[in-house]
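Which chain is which? The protein sequence lines are A and B, in order. With our numbering applied, the first sequence corresponds to residues 1 to 318, in that order. With our numbering applied, the second sequence corresponds to residues 1001 to 1318, in that order. Here's the structure we're looking at; comments come further down.
Protein chains: 2
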Amino acid sequence: MRIVVLAGGIGGARFLRGLKAAEPEAEITVIGNTGDDIHLFGLKVCPDLDTVMYTLGGGIHEEQGWGRAGESFTVKEELAAYGVGPEWFGLGDRDFATHIVRTQMIAAGYPLSAVTEALCARWKPGVRLIPMSDDRVETHVAIEVDGERKAVHFQEYWVRLRASVPAQAVVPVGAEGAKPAPGVLEAIAEADVILFPPSNPVVSIGTILAVPGIREAIAEAGVPVVGLSPIIGGAPVRGMADKVLAAVGVESTAAAAAAHYGSGLLDGWLVDTVDAAAVAGVEAAGIRCRAVPLLMESVEATARMAREALTLAREVGA
Amino acid sequence: MRIVVLAGGIGGARFLRGLKAAEPEAEITVIGNTGDDIHLFGLKVCPDLDTVMYTLGGGIHEEQGWGRAGESFTVKEELAAYGVGPEWFGLGDRDFATHIVRTQMIAAGYPLSAVTEALCARWKPGVRLIPMSDDRVETHVAIEVDGERKAVHFQEYWVRLRASVPAQAVVPVGAEGAKPAPGVLEAIAEADVILFPPSNPVVSIGTILAVPGIREAIAEAGVPVVGLSPIIGGAPVRGMADKVLAAVGVESTAAAAAAHYGSGLLDGWLVDTVDAAAVAGVEAAGIRCRAVPLLMESVEATARMAREALTLAREVGA
């Protein structure tokens, strides 16, 4: 079975670990979000790609969900001693090495997709991880500061401001001109099923879908497309998805998230059992829907979620 | 008193510490060798400038003579886990931060001299440290490997090969087209005395003198120029200066090192007491010479050496 998964950071990475446990024989291609990539200290940092790579490769800081286990922060402390920031972004020494390798390869002319493959040669994530695009796409968030509207990098909004001010718009800058990375459209065309993990529908999966050609390829693939709600009981399970959903005019409910993707894209949608009342509405909108436990409390629980998604895919594909 | 010092790495840095102790009120300008600069992992590394900065700023690894005290090597180990080398160059985590700041500033358009000033704002070395040039000069060493002649970067010759094969030539690539960094010629013109520490006459001070304009400015400054021999009893005190002296056809003796600079440049020369027999020959060549203890065993011993150099400068200047 060939499975394509669109993935953001923590949610996508944890779902993928469950999916691998559920379907160890499947050939999984992950199309990773690069809209939250950022240049820090002159280095190219790809938080979502690295979270997937570290999580599936056994290097992740488990409790935190991002960054490396057993991390130290000597380089960052030294940079601060030079008065060089930002200090709000947590780059550890082990993590720095990844960004140094990546930046060096990019400077040498390698596209991000080739760099990602090279990094994965070490981590052996057990999936094929491809960035959504080799072109630079940068998610910016429009906010109002002292009555003035300004755009900040997604990481600044998310990590520094902790989404504490309302997002007025979310713009994947550069997306219109970006091309899917080599292998992305091919993987979609050859997929048996396409999954949207319980990731942020706007800044994670939404950014991937904003790369011209990817949404169309998924819609035209002719295979089941099944998503899992990142919203449980009216609130995001993790993170601050509600803040950016509001910015695009979407209510923070499991049903609204499904409607945001639309029946032209989604064939099936899983909501949590606490949102069972939403099932009928989602189905009325033309999307097959089931209510199952959606908390990724363990690899086993996540594997059950992945199995439910694949079962629903078989149903809608029948 | 305004003192200009041409400095390589360890020898120059230790001498400067003694000079500062001997003349705490002097205004010292250090013209630093950048011929051994190297790009590693996409970062610009300036070993000699950093050795001076760390030594005078209190951050040096004392026993080693280079690199930071209390250093860790997490980044380097992680790079090696990615299969990315070279492993023969010892870059620690603290040190990495310096190179990250430098590389980021250079990418932003700052010349190396401005970057060095910015880094020194943290270290407060108590001297004005200026790279010899903002232009790239790279010392290459010609060697023979399996009957074939090839040129390697100085660091590869020195650190990886540990000067274990004969150097056939030492070439400061790019020197002819390099310009002295802003402030270099001005400092020389305004100096009351110019000192050559017991640094390598070929790959440290020789490289600085290879930048067009610097040798001429020193010769024309009309102030005493005094050097200290890095060769004691026919062998370098530290390092492998004899290997590169041979490459330029110079014997490894205190007298030959003085002759290498020449009486057109040097007014005075200090040799160690064990080389007292060389004094007459050096003087016959037109360079005032004294034999004094030249082992930099402590800051105090080095301060005495600096005082001897300044005394000799007063003598030749009288």
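Ideal placement from N, C-alpha and C gives every residue a C-beta, glycine not left out. Since we're looking at a predicted model, the values are computed, not measured.
Would you list the one or two residues that DSSP bridges to B/Gly-1268?
DSSP output for B/Gly-1268 lists B/Val-1226 and B/Arg-1288 as bridge partner(s).
Mind checking if A/Ala-69 is an interface residue toward chain B, Cβ cutoff 8 Å exclusive?
No, its Cβ sits nowhere closer than 8 Å to a Cβ of chain B.
Going by other Cβ atoms of all chains shown within 10 Å of its Cβ, with 16 needed for buried, is B/Arg-1290 buried or exposed?
Per the 10 Å Cβ criterion, buried.
Identify the residues that DSSP records as bridge partners of B/Gly-1032: which are they?
When beta bridges are read from the DSSP output, B/Gly-1032 appears opposite B/Ala-1007 and B/Pro-1131.
Buried or exposed, going by whether 16 or more other CB atoms sit within 10 Å of the CB of B/Ala-1275?
The question names Ala, but residue 1275 of chain B is Asp in the sequence shown. Of the residues assessed, B/Asp-1275 falls on the buried side of the cut-off, its CB having 16 or more other CB atoms within 10 angstroms.
At least 3 beta-carbon pairs within less than 8 Å: the region 1266–1283 of chain B vs the region 1238–1252 of chain B
In short, these stretches do not touch, since the Cβ pair count stays below three.
Chain B within 8 Å of A/Ala-97, Cβ atoms only:
By this cut-off, A/Ala-97 is an interface position.
Note down, in chain order, every chain A residue with its Cβ under 7 Å from the Cβ of B/Thr-1103.
Result: Gly-42.
Does DSSP put B/Leu-1079 in a helix, a strand or coil?
Three-state result, B/Leu-1079: helix.
Rounded to the nearest angstrom, what separates B/Thr-1139 and B/Val-1173 at their Cα positions?
For B/Thr-1139 and B/Val-1173, the gap between their C-alpha atoms comes out near 6 Å.
Kindly indicate the opening and closing residues of the alpha helix (DSSP H) around A/Val-52.
Taken as a continuous stretch (DSSP letters only), the alpha helix (DSSP H) holding A/Val-52 covers 47–57.
Of the residues A/Ala-309, A/Ala-221 and A/Ala-167, which one's Cα is nearest the Cα of A/Glu-186?
Ranked by how close their Cα comes to the Cα of A/Glu-186, the residues A/Ala-309, A/Ala-221 and A/Ala-167 have A/Ala-221 in first place.
Starting from A/Leu-91, find everything on chain B with Cβ-Cβ shorter than 7 Å and list it in chain order.
For A/Leu-91, no chain B residue has a C-beta closer than 7 Å to its own C-beta; the minimum C-beta separation is roughly 10 Å.
Determine contact between the region 1009–1017 of chain B and the region 1189–1201 of chain B, defined as no fewer than three beta-carbon pairs at a distance below 8 Å.
Put simply, the region 1009–1017 of chain B touches the region 1189–1201 of chain B. At least three CB pairs are less than 8 Å apart.
Since B/Ile-1188 sits in a beta bridge, which residues does DSSP pair it with?
Per DSSP, none; premise fails for B/Ile-1188.
With a Cβ-Cβ cutoff of 8 Å, do A/Ala-309 and A/Leu-195 count as a contact?
For A/Ala-309 and A/Leu-195, yes; Cβs fall inside 8 Å.
Supposed contact pair B/Asp-1050 and B/Thr-1098 - C-beta distance, whole angstroms, cut 8 Å
The beta-carbon distance between B/Thr-1098 and B/Asp-1050, rounded to whole angstroms, is 6 Å. This is short enough to meet the 8 Å contact definition.
Any C-beta of chain B within less than 7 Å: which residues of the region 70–82 of chain A qualify?
Near chain B, meaning a CB-to-CB distance below 7 Å, the residues of the region 70–82 of chain A are Ser-72, Thr-74, Val-75, Glu-78, Leu-79, Ala-81 and Tyr-82.
What residues are listed by DSSP as bridge partners for B/Ile-1038?
In DSSP, B/Ile-1038 forms a bridge with B/Val-1045.
Under 7 Å by beta carbon: chain B residues contacting A/Ala-107:
Simply Gly-1042.
With a CB to CB cut of under 8 Å and the five nearest residues on each side skipped, what residues in its chain are close to A/Ala-167?
Around A/Ala-167: Val-141, Ala-142, Ile-143, Tyr-157, Lys-243, Val-244, Ala-246 and Ala-247.
Which same chain residues, not among the five before or five after A/Ala-217, have their C-beta less than 7 Å away from its C-beta?
Result list for A/Ala-217: Leu-185, Ile-188 and Ala-189, in chain order.
With A/Met-296 and A/Gly-18 assumed to form a contact (beta carbons below 8 Å), what rounded beta-carbon distance in angstroms separates them?
The pair is a contact, with the Cβ atoms about 7 Å apart (cut-off 8 Å).
Could you name the residues that DSSP lists as bridge partners for B/His-1140?
DSSP output for B/His-1140 lists B/His-1153 and B/Val-1171 as bridge partner(s).
With DSSP run on the structure shown, which of helix, strand or coil describes A/Ala-221?
In the three-state DSSP reduction, A/Ala-221 falls in the coil class, being neither helix nor strand.
Which stretch, first to last residue, makes up the beta strand (DSSP E) that contains A/Ile-208?
From DSSP, A/Ile-208 is part of no beta strand (DSSP E) but of the alpha helix (DSSP H) over 205–209.
Shortest alpha-carbon distance to A/Met-240 belongs to which of A/Val-4, A/Pro-182, A/Gly-92 and A/Ser-204?
Nearest of A/Val-4, A/Pro-182, A/Gly-92 and A/Ser-204 to A/Met-240, Cα basis: A/Ser-204.
Where does the unbroken beta strand (DSSP E) through B/Val-1193 begin, and where does it stop?
Run containing B/Val-1193: 1193–1196, per the beta strand (DSSP E) assignment.
Contact set between B/Arg-1122 and chain A, taken where Cβ atoms lie within less than 8 Å
Here the neighbours are Ala-81, Tyr-82 and Gly-83.
Taking only beta-carbon atoms, is B/Leu-1056 less than 8 Å away from chain A?
No, no contact with chain A.
Proximal residues of chain A, C-beta to C-beta of B/His-1119 below 8 Å
A small fix is needed here, since residue 1119 of chain B is Leu in this sequence, not His. Residues of chain A whose Cβ lies closer than 8 Å to the Cβ of B/Leu-1119 are, in chain order, Tyr-82.
Own chain, CB closer than 7 Å to B/Cys-1120, minus 5 neighbours either side, in chain order
The answer, listed in chain order, is Met-1053 and Leu-1129.
When you compare the CB of B/Arg-1136 with every CB in chain A, is at least one pair closer than 8 Å?
Residue-level contact check: B/Arg-1136 does not touch chain A, since none of the beta carbons of chain A fall below 8 Å from its beta carbon.
Please return the same chain residues whose Cβ sits closer than 8 Å to the Cβ of B/Glu-1062, not counting the five positions on each side in sequence.
The answer, listed in chain order, is Ala-1069.
Since I believe A/Val-137 is in contact with A/Thr-207 (beta carbons under 8 Å), could you give me their beta-carbon distance rounded to a whole number of angstroms?
Contact holds; Cβ gap of about 7 Å.
Cβ shell of B/Arg-1014 (< 7 Å), same chain only, five flanking positions each side left out:
Around B/Arg-1014: Thr-1055, Met-1296 and Thr-1302.
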